[in-house]
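Report on the following structure.
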Amino acid sequence: MQTQLSINGESHELEADSRTTLLDALRNHLGLTGSKKGCDHGQCGACTVLINGRRINSCLTLACMHDGDDITTIEGIGSPGALSPLQDAFVRHDGYQCGYCTPGQICSATAMLQEVQAGWPSHVSTSLEDDVSLSNEEIGERMAGNLCRCAAYPNIVAAIREVAGAGEDA
Amino acid sequence: MRPFEYTRATTTRDATRAGTDGATIIAGGTNLLDLMKLEVMAPERLIDINRLGLNAIEESGDGGLRIGALVPNSDLAADRRVRKDWPVLSRALLAGASGQLRNKATTGGNLCQRTRCYYFYDTDMPCNKREPGSGCQARGGFNRIHAILGTSEQCIATHPSDMAVALRALDAMVEIENAEGERRSIPIAEFYRLPHGTPHLDNELHPGDLITAVTLPAPAGGAQIYRKVRDRASYAFALVSVAAIVTMEGDRIASASLAFGGLAHMPWRDDEMEAVLVGATPSDDLFDRAADVLLKDAQGYGHNDFKIPLTRRTLKAVLRDACNVGEPA
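Protein chains in written order, with my numbering: chain A, 2 to 171; chain B, 675 to 1003.
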């Protein structure tokens, strides 16, 4: 199948079997190996990318379903010389150990902060209608789709808190 | 994954006709692709409906809301009107899955998700839902997550949706278009099936049927609560969940609409139990009597026996909150 994908602002023509997930297309066909395959079943979040600005599990969608879509992967979030604020904060807060889940964590957190900006409540929000205040509990709930087997969670939360400008948790 | 032919629908008629010819509809795909990787489902043809529109949330003339079948779960949960007037639906959606999955999962797809029974997922095991007539290993096996109400000899699976439980309490309608282009609306109460002797049929959709929307009646008001009890605090399916909409008149319960997840092959609701509550003054004794009615035919299968007392406790906790009465000393 022929699919046109816009990835990190660059247009790619993909010729692949219809079974190819977006994750496999990125990693195996297009050489973008920043997105990781953890569970391949949408449970771990290592494959998180942004489609038209929204975070999704790239392992649970077919590349051919995204003809014409704008995709942002970790390679498009920042680069070694120009880290995004979240990438920089993850480095300074040591928000990882082995690093395998980190691209997914950062893509997920990037979109999660936009969801907060848009006023989306979460399962732990006391009110559905008030503005969201990003407590540690809120960050934990909103990042529940990203697992870290090294359990670097406290530092991941600290990095996200800093970028969100949420200060120290009470 | 087995090979399949992929086509994209540009009209609802494309989708319904392909469905009549044996194609499987794919929307968000978060459950279907998972099942296809495991070869629990192996469709030969996929028809992609993501470009059909069907993604608007519109106010209907009667004060209700019409939710397009392709509205993502996250958009529905965050919709200002839903948060204000149908909060039990927002709460149920936010209690399910993860941020990534809610962005992809759709309203129609959420209704159609399959059970998470371990034996349904394991193609080396018999399963009457996956392969009719092959048997059920869950009855005598590991059945911690399984049903206690409405089960059959053939199947004790539960329906996994949180959203559908809230929709059941809200008396939502499911709007369906068939290959002849005819539209029908069926109450969510009649959308799902109990397993009986046909556990491979989850619902009343026929080949060629396409869910086009879900409609909500005008806001019911009252206290709206969704409480979900699960093995971890987030990102897990319900062991027991309760969607409650309760209105009071003075110190008496004027109306009570209660739906339960994790208990049965469908979101469960019990008119007889609600009748016990309506007109009565809230108390723990009353809530216990309601639980007695709800659970009179409940049956555990070993590992899931705990769901019977857990359902009673969860129901009582929700009713105390909804009626604003404290726990007795």
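All residues carry an ideal CB built from backbone N, CA and C; glycine is no exception.
Residue i to residue j, Cα distance in whole Å?
i          : j          : result
Pro941(B)  : Ile699(B)  : 23 angstroms
Arg676(B)  : Lys711(B)  : 8 angstroms
Arg926(B)  : Val920(B)  : 11 angstroms
Gln1027(B) : Tyr793(B)  : Look at the range of chain B in this structure, 675 to 1003, and you will see that residue 1027(B) is not part of it.
Val848(B)  : Phe865(B)  : 7 angstroms
Leu63(A)   : Arg20(A)   : 7 angstroms
Met121(A)  : Tyr900(B)  : Per the sequence presented here, residue 121(A) reads as Trp, with Met not at that position. Those two C-alpha atoms are separated by around 18 angstroms.
Ala110(A)  : Leu87(A)   : 8 angstroms
Asn156(A)  : Asp95(A)   : 6 angstroms
Asp753(B)  : Glu139(A)  : 19 angstroms
Pro956(B)  : Ala1003(B) : 15 angstroms
Asp979(B)  : Thr988(B)  : 15 angstroms
Gly974(B)  : Ile982(B)  : 7 angstroms
Ala769(B)  : Tyr909(B)  : 8 angstroms
Lys38(A)   : Cys99(A)   : 14 angstroms
Glu1001(B) : Asp959(B)  : 11 angstroms
Asn29(A)   : Tyr680(B)  : 21 angstroms
Asp876(B)  : Ile860(B)  : 15 angstroms
Asp131(A)  : Lys970(B)  : 41 angstroms
Leu24(A)   : Asp736(B)  : 44 angstroms
Pro717(B)  : Met66(A)   : 16 angstroms
Ala897(B)  : Thr886(B)  : 30 angstroms
Tyr154(A)  : Ala907(B)  : 15 angstroms
Which partner residues of residue i appear in the DSSP bridge assignment?
i         : result
His13(A)  : Leu6(A)
Ile721(B) : Thr681(B), Ile699(B)
Thr73(A)  : Leu51(A)
Asn877(B) : Tyr866(B)
Thr780(B) : Pro746(B)
Phe934(B) : Val916(B), Trp942(B)
Gln898(B) : Ile919(B)
Ile157(A) : According to DSSP, which records beta bridges pairwise, Ile157(A) is partnered with nothing at all.
Ile927(B) : Met922(B)
Thr22(A)  : Leu63(A)
Leu739(B) : Glu733(B), Leu890(B)
Cys99(A)  : Note: Cys99(A) sits in no beta bridge, so no partner.
If we call anything under 8 angstroms between Cβ atoms a contact, is residue i one with residue j?
i         : j         : result
Val888(B) : Thr781(B) : yes
Thr686(B) : Leu884(B) : yes
Cys1(A)   : Leu148(A) : Only positions 2 to 171 of chain A appear in this structure, which leaves residue 1(A) out of reach.
Ile57(A)  : Gln774(B) : yes
Ala90(A)  : Ala152(A) : no
Ala917(B) : Arg867(B) : no
Lys803(B) : His874(B) : yes
Gly105(A) : Cys48(A)  : yes
Val914(B) : Leu937(B) : yes
Ala930(B) : Val952(B) : yes
Asp995(B) : Gly43(A)  : no
Ser134(A) : Ile75(A)  : no
Gly871(B) : Ser826(B) : yes
Ala964(B) : Gly935(B) : no
Closest to residue i by CA distance: which of the options is it?
i         : options                                     : result
Ser136(A) : Cys151(A), Ala153(A), Gly146(A), Val164(A)  : Val164(A)
Glu851(B) : Leu984(B), Asn998(B), Gly1000(B), Gly742(B) : Gly742(B)
Ser123(A) : Phe961(B), Pro717(B), Ala766(B)             : Ala766(B)
His13(A)  : Ile52(A), Gln3(A), Glu138(A)                : Gln3(A)
Asp70(A)  : Gly141(A), Glu116(A), Asn9(A)               : Asn9(A)
Gly649(B) : Arg755(B), Arg682(B), Val762(B), Gly738(B)  : No statement about residue 649(B) is possible, as the shown extent of chain B runs from 675 to 1003 and does not include it.
Leu890(B) : Val762(B), Asp722(B), Leu720(B), Asp979(B)  : Val762(B)
Ile107(A) : Gln118(A), Met66(A), Ile78(A), Leu23(A)     : Ile78(A)
Leu750(B) : Leu129(A), Ser7(A), Arg150(A)               : Leu129(A)
Arg93(A)  : Leu27(A), Leu15(A), Val125(A), Val158(A)    : Val158(A)
Val967(B) : His977(B), Leu984(B), Gly738(B), Asp945(B)  : Asp945(B)
Glu923(B) : Asn998(B), Leu984(B), Asp688(B), Ala972(B)  : Asn998(B)
Val714(B) : Glu732(B), Ser764(B), Leu739(B), Pro800(B)  : Pro800(B)
Considering only residues of the same chain and omitting the five flanking positions on each side of residue i, which have a CB-CB separation below 6 angstroms?
i         : result
Arg776(B) : Asn747, Ser748
Phe638(B) : Nothing can be reported for residue 638(B), as the shown portion of chain B is limited to 675 through 1003.
For residue i, which residues in the same chain have their Cβ closer than 7 angstroms to its Cβ, ignoring the five residues on either side in sequence?
i         : result
Asp759(B) : Pro893
Asn724(B) : Ala701, Leu744
Ala171(A) : Note that Ala171(A) scores a pLDDT of 46, beneath 50, so its modelled location is shaky and nothing firm can be said.
Asn729(B) : Gly742, Leu744, Val745
Thr73(A)  : Asn9, Val50, Leu51
Thr787(B) : Strictly speaking, residue 787(B) in this sequence is Gln, with Thr absent from that position. Excluding residues within five positions, the ones whose Cβ falls inside 7 angstroms are Asn705, Pro834, Ser835.
Please return the same chain residues whose Cβ sits closer than 8 angstroms to the Cβ of residue i, not counting the five positions on each side in sequence.
i         : result
His880(B) : Asn852
Arg55(A)  : Ala112
Ala863(B) : Arg842, Asp845, Arg943
Ala831(B) : Thr789, Cys791, Phe794, Lys803, Ala812, His820, Ala821, Pro869, Pro873, His939
Glu116(A) : Arg143
Ala83(A)  : none
Taking 7 angstroms as the cut-off, is the beta-carbon of residue i closer than that to any non-hydrogen atom of the ligand SAH?
i         : result
Ser931(B) : This structure simply doesn't include the ligand SAH, nor any ligand for that matter.
Checking contacts by CB at 8 angstroms: is residue i closer than that to chain D?
i         : result
Gln973(B) : This model lacks chain D altogether; the protein chains it does include are A and B.
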